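194 is the number of the first residue of the sequence shown in the numbering used here; add one for each residue after it. Cβ coordinates follow ideal geometry from the N, Cα and C atoms, glycine included. Predicted, not measured: the structure shown is a model, and the values here were computed from it. Notes to accompany the following structure.
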Amino acid sequence: MRALAAPLMPVVLACAASVGCGDNGTITPTPLGIGQQALNSPLITLRVSFEAGSVDDPDGKHGLNALTALMIGQGGTGRLTYEDVTSTLYPWAASIGTQYDKETTTVIGEVHRDHLESFYEIFLDLIVSPRLDPADFERNRDFLTNAIVSTLRGNDDEELGKQTLNVLLYEGHPYEATEMGTERGLGAIVLDDVRTFHAERYTAANMRVGVAGGYPDGFLARVERDLAVALPPGAPAQRDIPAPRALEGIELLLVEKDAIATAISMGFPIDVTRSDDDFYPLMVANSYFGEHRTFNGRLMNQMRGLRGLNYGDYSYIENFVQDGGSTFPVPNTPRRQQFFSIWIRPVPHHNATFALRQAVRELNLLVEYGLSEEDFDATREYLVNYSRLYVQTTSRRLGYAMDSEFYGTRFFVDEIRDRLTSMTVEDVNAAIRRHLQAENLGVAIVTRDAEA
């Protein structure tokens with residue numbers, strides 16, 4: 194067993210824009226992007242995704258991509274200050290924001306079609322020529338720094354546990370640093386770094402455009418053309434993302450904190466993404482084992498339902514960021530490498546060891562016995578129906594369509610339905626045996642008296 198102690202780690206705070214509703218429409222791919230026109234919807238959503246993420250942060254300046262993203266989503270244009278932008282968008286009930294992850298950053302805008310032209314001018318200017326005002330720079334850097342120093346270290350032990358697990362699983366890997374950076378890295382960044390990073394990474398060669406809702410004919414092509422002309426041409430992102438290191442037994446990373454309860458996250462990297470056939474049987478296995486924020490999962494029923502250990506216990510076969518107050522994942526955070534994880538929500542300190550052993554035992558049982566035919570049938574039916582809720586809004590549907598293009602698959606929800614319809618319990622149990630295990634685990638624990 195490898196045990197380590199670490200200082201408090203930073204947290205991810207991906208900024209998600211509001212989403213609107215509308216008819217599903219038809220997804221239409223173009224050379225650069227995806228259109229999902231729904232003419233009876235009064236709302237229009239734009240998503241422009243760039244292959245720019247925290248993996249591109251220079252050594253010693255972790256947080257540069259996040260800060261660049263905020264200078265777009267929380268900054269001004271050449272003509273308008275940040276205050277001008279917000280005061281203009283407010284009466285339109287419009288929004289512009291950014292979300293940033295390991296490999297991609299997405300600028301998301303939403304507006305009523307009555308204001309599309311004026312809104313689009315601002316949206317375009319923010320992307321191609323952000324104001325990069327020194328006052329905005331200081332404000333956004335302070336926001337990121339305070340989120341790390343105050344929010345995470347003071348108030349969010351659960352996210353701290355997840356980020357500690359990320360550091361443990363991806364030690365020495367491009368994924369190691371958090372998406373929002375580090376306190377030291379942010380302190381080393383100057384405004385010229387943002388200017389250079391924007392010119393080098395936010396380029397026409399690295400962008401993907403999506404438009405959804407009641408937009409006029411030809412609008413998607415116009416957005417693509419305007420961005421292609423106004424952005425630097427650049428070159429497609431060339432990244433060397435090696436395989437993560439192999440875990441050796443149970444490796445612990447402990448964070449000492451005067452916490453009122455113990456937060457635990459555990460997991461290990463897996464060589465499976467939505468591009469792979471085995472992702473879909475693993476999706477069934479995971480839903481049975483620990484579907485996020487539901488009582489469908491065995492973990493939830495065994496640990497909370499029967500034993501009352503904590504508020505909830507869930508598992509994941511890919512990185513999961515909850516979309517606001519929903520139970521669904523945020524779209525447009527795709528990655529070329531993923532990991533399996535178990536999230537044990539805080540438990541009283543005296544129950545922490547038992548909760549950890551219980552979760553590992555449940556994982557062992559899943560690997561050894563798999564799903565029964567009855568469990569498989571019930572979970573498959575549930576997941577086929579539940580996955581349709583991922584795309585209740587036009588904006589989310591567009592985001593998933595763009596993710597599907599990233600992974601080289603058909604539309605994700607359609608892929609789930611078609612794959613699961615022809616799947617058998619043997620397919621699921623075979624995928625479990627190929628990819629899941631409980632011998633080599635990274636375990637991150639946030640607790641008081643960690644050395645004890």
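Counted within 10 angstroms of its Cβ, other Cβ atoms place residue 580 as buried (16 or more) or exposed: The C-beta of residue 580 has 16 or more other C-beta atoms within 10 Å across all chains shown, which makes the residue buried.
Buried versus exposed call for residue 555 [16 or more other C-beta atoms within 10 Å across all chains shown]: Looking at its Cβ environment, which holds 16 or more other Cβ atoms inside 10 Å, residue 555 is buried.
Anticipated Cβ contact below 8 Å, residue 524 with residue 592, distance rounded: Yes, they are in contact, since the Cβ atoms of residue 524 and residue 592 sit about 3 Å apart, within 8 Å.
DSSP beta-bridge partners of residue 635: Paired residue(s): 444 and 460.
Length-filtered (4 minimum) alpha helix (DSSP H) runs lying within the region 364-418: As far as the region 364-418 is concerned, its whole alpha helix (DSSP H) runs of at least 4 residues are 376-381 and 384-394.
Unbroken beta strand (DSSP E) run spanning residue 532, endpoints: Start and end: 531-540.
Beta-bridge partners of residue 267, as assigned by DSSP: Bridge partners of residue 267: none, in fact.
Exposure label - residue 279; buried when at least 16 CB within 10 Å: The residue in question, residue 279, is exposed, as its Cβ has fewer than 16 Cβ neighbours within 10 Å.
Residue environment, residue 484, which counts as buried when at least 16 other CB atoms sit within 10 Å: Note on residue 484: 16 or more other CB atoms within 10 angstroms of its CB, so buried under the neighbour-count rule.
Anticipated Cβ contact below 8 Å, residue 637 with residue 354, distance rounded: Indeed, because the Cβ distance is near 5 Å, the residues count as touching under 8 Å.
Distance between residue 590 and residue 217 (C-alpha atoms, nearest Å): With a pLDDT of only 45 at residue 217, under 50, the local geometry of the prediction cannot be trusted, and the value read off the model is given with reservation. Roughly 7 Å separates the two Cα atoms.
Where the beta strand (DSSP E) containing residue 609 begins and where it ends: In the DSSP assignment, residue 609 falls outside any beta strand (DSSP E) and lies within the alpha helix (DSSP H) extending over 605-614.
Same chain, Cβ closer than 6 Å to residue 568, five either side skipped, listed in chain order: Spatial neighbours of residue 568 in its own chain (CB-CB distance under 6 Å, excluding positions within 5 residues in sequence) are listed in chain order as 481.
Cβ pair count under 8 Å reaching 3, the region 498-517 against the region 266-278: Not touching, per the Cβ criterion.
Nearest to residue 561 (by Cα), restricted to the options 420, 628 and 310: Among 420, 628 and 310, the Cα nearest to that of residue 561 belongs to 628.
Exposure label - residue 647; buried when at least 16 CB within 10 Å: Because the chain here runs from 194 to 645, residue 647 falls outside it and cannot be looked at.
Where the beta strand (DSSP E) containing residue 354 begins and where it ends: Counting along the chain, residue 354 falls outside any beta strand (DSSP E), though it belongs to the alpha helix (DSSP H) covering 350-362.
Buried or exposed by the 16-neighbour rule on C-beta atoms within 10 Å, applied to residue 625: Counting other Cβ atoms within 10 Å of its Cβ, residue 625 reaches 16 or more and is therefore classed as buried.
Where the beta strand (DSSP E) through residue 572 begins and ends: From DSSP, residue 572 is part of no beta strand (DSSP E) but of the alpha helix (DSSP H) over 566-579.
C-alpha distance - residue 417 paired with residue 304, whole-angstrom precision: Those two C-alpha atoms are separated by around 18 Å.
Residue 282 classed as buried or exposed, judged by whether at least 16 other C-beta atoms fall within 10 angstroms: Sixteen is the threshold: when 16 or more other Cβ atoms of the shown chains lie within 10 Å of the Cβ of residue 282, as they do, the residue is buried.
Span separating the alpha-carbon of residue 515 from that of residue 291: Cα atoms of residue 515 and residue 291: separation of roughly 15 Å, rounded to the nearest angstrom.
Spatially closest choice to residue 618 from 298, 631 and 563, by CA coordinates: Of the listed residues, the one whose Cα sits closest to residue 618 is 563.
Backbone CA spacing between residue 228 and residue 246 [nearest angstrom]: Distance from the CA atom of residue 228 to the CA atom of residue 246, rounded to whole angstroms, is 24 Å.
Where residue 435 falls: helix, strand or coil (DSSP): Three-state DSSP puts residue 435 in coil, outside helix and strand.
Coarse secondary structure for residue 424, derived from DSSP in three states: Coil, per DSSP.
Given residue 164 as reference, the closest of 342, 350, 466 and 365 once Cα atoms are compared: Lying before the first or after the last residue shown, residue 164 is absent from the chain, which here runs from 194 to 645.
Rounded C-alpha distance that separates residue 370 from residue 385: Our two residues, residue 370 and residue 385, have alpha carbons roughly 22 Å apart in a direct line.
Range covered by the alpha helix (DSSP H) that runs through residue 309: It spans 309-321 - the alpha helix (DSSP H) in which residue 309 sits, taken as one unbroken run.
Nearest-angstrom Cα separation, counted from residue 576 out to residue 382: Straight-line Cα distance between these residues: approximately 44 Å.
Residue 332 versus residue 373 - alpha carbon distance: CA-to-CA, the gap between residue 332 and residue 373 works out to about 15 Å.
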